[in-house]
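Trainee: Sequence lines, in order, name chains A and B.
Residue numbers for the first sequence follow numbering that gives the first Met the number 0, so the first one is 0 and each next one is one higher.
Residue numbers for the second sequence follow numbering that gives the first Met the number 0, so the first one is 0 and each next one is one higher.
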Amino acid sequence: MTTRSISVGALARVEGEGGLEIVLRDGVVKSVALKIFEPPRFFEALMRGRAFSEAPDIAARICGICPVAYQMSAVHAMEDALGVRVTGPLRDLRRLLYCGEWIESHMLHVHMLHMPDFLGYAGGVEMARDHGDVVRRGLAIKKVGNEIMTLIGGREIHPINVRVGGFYRAPRKRELAALAERLERARDAALEVVRFVAGFDFPDCARDYVFVSLRQRDEYPLNEGRIVSSGGLDIAAREFETHFEEFHVERSTALHARMRHGDGAYLVGPLARFALNFDRLSPLAQQAAREAGLGPLCSNPYRSIIVRAVETVYALDEALRIVESYEEPGAACVPIEPRAGVGHAATEAPRGMLYHRYRLEADGTIAEAVITPPTSQNQGMIEEDLKSLIGGFLDLPEDDLRHRCEQTVRNHDPCISCSTHFLRLEIDRG
Amino acid sequence: MAERHAPRLAVWKFASCDGCQLSLLDCEDELLALAQALDIAYFLEATRAPIRGTYDLSLVEGSITTPHDAERIQEVRRRSRALVTIGACATAGGIQALRNFADVREYASIVYARPDYIHTLATSTPIADHVKVDFELRGCPIDKGQLIEVISSFLAGRKPATPAHSVCLQCKLKGNVCVMVAHGTPCLGPVTHAGCGALCPSYDRGCYGCFGPMETPNAPSLSLRLATLGMDEDALRRVYRTFNAQAEAFREESERHDD
Chain A
0 MTTRSISVGA LARVEGEGGL EIVLRDGVVK SVALKIFEPP RFFEALMRGR
50 AFSEAPDIAA RICGICPVAY QMSAVHAMED ALGVRVTGPL RDLRRLLYCG
100 EWIESHMLHV HMLHMPDFLG YAGGVEMARD HGDVVRRGLA IKKVGNEIMT
150 LIGGREIHPI NVRVGGFYRA PRKRELAALA ERLERARDAA LEVVRFVAGF
200 DFPDCARDYV FVSLRQRDEY PLNEGRIVSS GGLDIAAREF ETHFEEFHVE
250 RSTALHARMR HGDGAYLVGP LARFALNFDR LSPLAQQAAR EAGLGPLCSN
300 PYRSIIVRAV ETVYALDEAL RIVESYEEPG AACVPIEPRA GVGHAATEAP
350 RGMLYHRYRL EADGTIAEAV ITPPTSQNQG MIEEDLKSLI GGFLDLPEDD
400 LRHRCEQTVR NHDPCISCST HFLRLEIDRG
Chain B
0 MAERHAPRLA VWKFASCDGC QLSLLDCEDE LLALAQALDI AYFLEATRAP
50 IRGTYDLSLV EGSITTPHDA ERIQEVRRRS RALVTIGACA TAGGIQALRN
100 FADVREYASI VYARPDYIHT LATSTPIADH VKVDFELRGC PIDKGQLIEV
150 ISSFLAGRKP ATPAHSVCLQ CKLKGNVCVM VAHGTPCLGP VTHAGCGALC
200 PSYDRGCYGC FGPMETPNAP SLSLRLATLG MDEDALRRVY RTFNAQAEAF
250 REESERHDD
């Protein structure tokens, strides 16, 4: 029996620090383990004893790449606990802010993190020497996402304007209107990006994923919706922990999430949202997807780069719609009274569904916090991807194979900083 | 004359959220120009290029929270001609330094089913507690304009122009209406290090101190004022104990309001 180990010491171009261990026996993939070096920061513990109003700013610090997602899941969960609903222009502004983060994060991933794998470069900066126009176009779109976050949130990383109940200050109509022209230009550019990435050479494969995402009546999901799956699940966010659990994998110490009833590992993120909500995309985004050769379902993870580009078109389209129809709210925030209670919320971070639950005491102090980030949910499926996909690449030279493994992980844009639940893995080589 | 090689830049990560190093990739207009002036030689979030040799400038994000990282920062220092910390984690221990005021074993048991698997230190400490630091850039997150200034000043061989005065002064320079005087909104602006552009008061919100203490702040005096605005001892302790909880002036003031 010949044993061959492939080790990626430190995964590049992912957010946070992780590595990968794969063991092959007689040419067959025996085991796969995503290793996380990220030191634990104990957010769920340090939230205890803080005021409910502090949760959005503290939760944002879990991840500098998707702080809006953490702020949004936190405010919606708090409002659920406090019996408050935010509607009208304030709801639209939250959706617009989230569009900004999707645009920024997706364009970062498409151009700087994922595209170099397809064009054969170590990174986006190296790629720019030969493909300057492509990188500049991506950065220009990304910048528009950041401009949305800066206008509404105050800054793009850890925005300061989000609070339970709404915002500290609502933007003026003319401030938003100033974005429209740049959004239109960025939308045109994003359509070019869809066409460009659709022409890449993709490994030919299809995975039988169980997809999980939010879904709502008449919008592509961002801030709210029911949790649905390709297996027919359809539940409210407050039922999440009844149907999903985090657990220890045998012979490893990493927490994975799985569905409690049968389906096991599942996938959240762009591929899942797209498969479960294709009919909720704007006509322009649907058309872009079709022209790029995507049906209403894409089960080739390497083609997730196209889905991210399509979602970017949607986010720009949706941002334009909100900017053009915006009316200034009477107040930037709805009144909030603390009370005891439990609140749940799930929202769609760029890389997948993000669940929060908080238990509050009567004065609004946080007694308990539970946070289930997208990467913790996807970890099991990323390992299954590697198990089932790399078998076809085993004849590649060692370096190329290692690179292909990294690309397979990067397909899902794992955000390891978010992984409040990841532990170090000890590998058992048997 | 021999051709001068471009200075080699490295970006290192310890316990953090990745936001401060993302600031570099968020410099959409400057990034490619920067990449021509500098050799971005090690930056795991952006490139597969491996660690090799020494670096002229190291940007360090994150705090030291594990025994392994306490060793790794020594290695980073050895490989670096100049070492600059970026952000509140690297400069003041970050939000994860709240463990310094609690029992880390209890924290681990709250979050993890098997806390015995956790390898962590009891404290989260800034980089300067472990190695010599040439410059500390404040902020949670850092301001990307200030980051460009720090890198440019390094390339030019001069000191970075990053004012050490308060957010309060920045607000005055900007012509903001004072949220504390006009609206009675509690604000840490008078004791907080400048750098954000007085962002929160510009959004009708009190400063929450994410750039940490300014030079020689008078926090006890501010606390008296905050108390008259309705903040009790518990709220006063918490307001100084956030993203820069381990920074000396904020730590001392929060401890004055401990039970």
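Where is the CB? At the ideal position from N, CA and C, for every residue including glycine.
All figures in this text were calculated on a predicted structure; none of them were measured in a lab.
Rounded to whole angstroms, what's the CA-CA distance from ALA361 of chain A to PHE242 of chain B? Just pull it up for me.
Mentor: Rounded to the nearest angstrom, the two C-alpha atoms are 26 Å apart.
Trainee: Measuring CA to CA, which of A:PRO372, A:ARG90 and A:ALA73 is closest to ILE321 of chain A?
Mentor: Answer by Cα proximity: A:ARG90.
Trainee: Would you say ALA14 of chain B and THR53 of chain B are within 9 Å of each other, going by their C-beta atoms?
Mentor: Contact: no.
Trainee: If we ignore side chains and look at the alpha-carbon of each, how far apart do ASP129 of chain A and PHE42 of chain B end up?
Mentor: Going from the Cα of ASP129 of chain A to the Cα of PHE42 of chain B covers about 20 Å.
Trainee: ALA330 of chain A and VAL163 of chain A: beta carbons closer than 9 Å?
Mentor: The answer is no: Cβ separation not under 9 Å.
Trainee: Output the boundary residues of the alpha helix (DSSP H) element that contains ALA32 of chain B.
Mentor: Element bounds for ALA32 of chain B: 30 to 36.
Trainee: Given that SER22 of chain B touches chain A, what residues does it touch there, using C-beta distances under 7 Å?
Mentor: What SER22 of chain B touches in chain A: ILE156.
Trainee: If we ignore side chains and look at the alpha-carbon of each, how far apart do GLU249 of chain A and GLY119 of chain A end up?
Mentor: With a pLDDT of 45 at GLU249 of chain A, under the threshold of 50, the predicted position of this residue should be treated as unreliable, though the coordinate-derived value follows. Rounded to the nearest angstrom, the two C-alpha atoms are 36 Å apart.
Trainee: Under 9 Å, Cβ to Cβ, is there at least one residue of chain A near ILE94 of chain B?
Mentor: Closer than 9 Å: yes.
Trainee: Evaluate GLY123 of chain A with the Cβ neighbour count: other Cβ atoms within 10 Å of its Cβ, from every protein chain shown; 16 or more gives buried, anything less gives exposed.
Mentor: With 16 or more other Cβ atoms within 10 Å, it is buried.
Trainee: DSSP beta-bridge partners for CYS332 of chain A?
Mentor: Answer is A:GLY165.
Trainee: Please list, in chain order, the residues of the region 121 to 147 of chain B that have any C-beta partner in chain A closer than 7 Å.
Mentor: Under the 7 Å Cβ criterion, the region 121 to 147 of chain B contributes CYS139 and PRO140.
Trainee: Looking at chain A, is there any beta carbon in it that lies within less than 9 Å of the beta carbon of ARG47 of chain B?
Mentor: Closer than 9 Å to some Cβ of chain A, the Cβ of ARG47 of chain B qualifies, so yes.
Trainee: My output table needs one value for ILE126 of chain B: the three-state DSSP class, helix, strand or coil.
Mentor: DSSP places ILE126 of chain B in helix when its eight states are reduced to three.
Trainee: If we define contact as Cβ-Cβ less than 9 Å, is ILE226 of chain A a contact residue for chain B?
Mentor: Chain B, which has no Cβ nearer than 9 Å to the Cβ of ILE226 of chain A, makes this no.
Trainee: Can LEU33 of chain A and GLN378 of chain A be called in contact, C-beta distance under 9 Å?
Mentor: Contact: yes.
Trainee: Does the beta carbon of ILE150 of chain B come closer than 9 Å to any beta carbon on chain A?
Mentor: So, not an interface residue.
Trainee: Where in the region 168 to 236 of chain A do unbroken runs of the beta strand (DSSP E), each at least 3 residues long, occur, reported from the N-terminal end onward?
Mentor: List check, beta strand (DSSP E) in window: 211 to 214 and 225 to 228.
Trainee: So which residues on chain B does MET71 of chain A lean against when the C-beta distance must stay under 7 Å?
Mentor: None at all; the shortest Cβ gap to chain B is about 16 Å.
Trainee: For ALA127 of chain A versus ILE365 of chain A, is the C-beta spacing smaller than 9 Å?
Mentor: The answer is no: Cβ separation not under 9 Å.
Trainee: Could you list which residues in chain B have their beta carbon closer than 8 Å to that of SER62 of chain A, in chain order?
Mentor: It should be pointed out that residue 62 of chain A corresponds to Cys in this sequence rather than to Ser. Here the neighbours are CYS16, ASP17 and GLY18.
Trainee: Quick one, which residues of the region 196 to 216 of chain B are near chain A if we go by CB-CB under 8 Å, in chain order?
Mentor: Cβ contacts with chain A come from LEU198, CYS199, SER201, TYR202, ASP203, ARG204, TYR207 and CYS209.
Trainee: On the DSSP bridge assignment, give the partners of ARG257 of chain A in chain order.
Mentor: Paired residues: A:GLU244.
Trainee: Look at the alpha carbon of ALA9 of chain B and the alpha carbon of ILE85 of chain B, and state the distance between them as a whole number of angstroms.
Mentor: Distance between the alpha carbons of ALA9 of chain B and ILE85 of chain B is about 12 Å.
Trainee: Which residues, in order along the region 124 to 149 of chain A, keep a beta-carbon less than 8 Å from a beta-carbon of chain B?
Mentor: Those residues of the region 124 to 149 of chain A that come within reach of chain B (Cβ to Cβ, closer than 8 Å) are VAL124, GLU125, ALA127, GLY131, VAL134, ARG135, LEU138, ALA139, LYS141, LYS142 and ASN145.
Trainee: Hey, could you find the ends of the alpha helix (DSSP H) ARG358 of chain A is sitting in?
Mentor: Premise fails: ARG358 of chain A lies in the beta strand (DSSP E), 351 to 359, not in any alpha helix (DSSP H).
Trainee: Determine the direct distance from the alpha carbon of ALA179 of chain A to that of ARG157 of chain B, and round the result to whole angstroms.
Mentor: Roughly 41 Å between the two C-alpha positions.
Trainee: Chain A partners of ALA34 of chain B, CB-CB under 8 Å?
Mentor: Here the neighbours are VAL124 and ALA127.
Trainee: Less than 9 Å between the beta carbons of VAL67 of chain A and LEU45 of chain A, yes or no?
Mentor: In this structure, LEU45 of chain A does not lie closer than 9 Å to VAL67 of chain A by Cβ.
Trainee: Go to ARG279 of chain A, then tell me how far its alpha helix (DSSP H) extends in each direction, as first and last residue.
Mentor: Note, ARG279 of chain A: premise wrong, no alpha helix (DSSP H); not H, not E.
Trainee: With a threshold of 8 Å, are at least 3 pairs of Cβ atoms found where one atom belongs to the region 180 to 189 of chain B and the other to the region 215 to 228 of chain B?
Mentor: They touch, by the three-pair rule.
Trainee: Is PRO328 of chain A close to chain B, meaning its C-beta is less than 9 Å from at least one C-beta of that chain?
Mentor: PRO328 of chain A does not count as touching chain B.
Trainee: Ignoring anything shorter than 4 residues or poking outside the region 55 to 119 of chain A, list the alpha helix (DSSP H) runs there in chain order.
Mentor: You should have 66 to 81, 87 to 106 and 114 to 118.
Trainee: Name the DSSP beta bridge partners of GLY18 of chain A, please?
Mentor: For GLY18 of chain A, which the question treats as bridged, DSSP gives the partners A:LYS34.
Trainee: Using three-state DSSP, classify HIS411 of chain A as helix, strand or coil.
Mentor: Looking at HIS411 of chain A - three-state DSSP - the assignment turns out to be coil, as it is neither helix nor strand.
Trainee: When you compare the CB of MET77 of chain A with every CB in chain B, is at least one pair closer than 9 Å?
Mentor: No, because no Cβ of chain B sits closer than 9 Å to the Cβ of MET77 of chain A.
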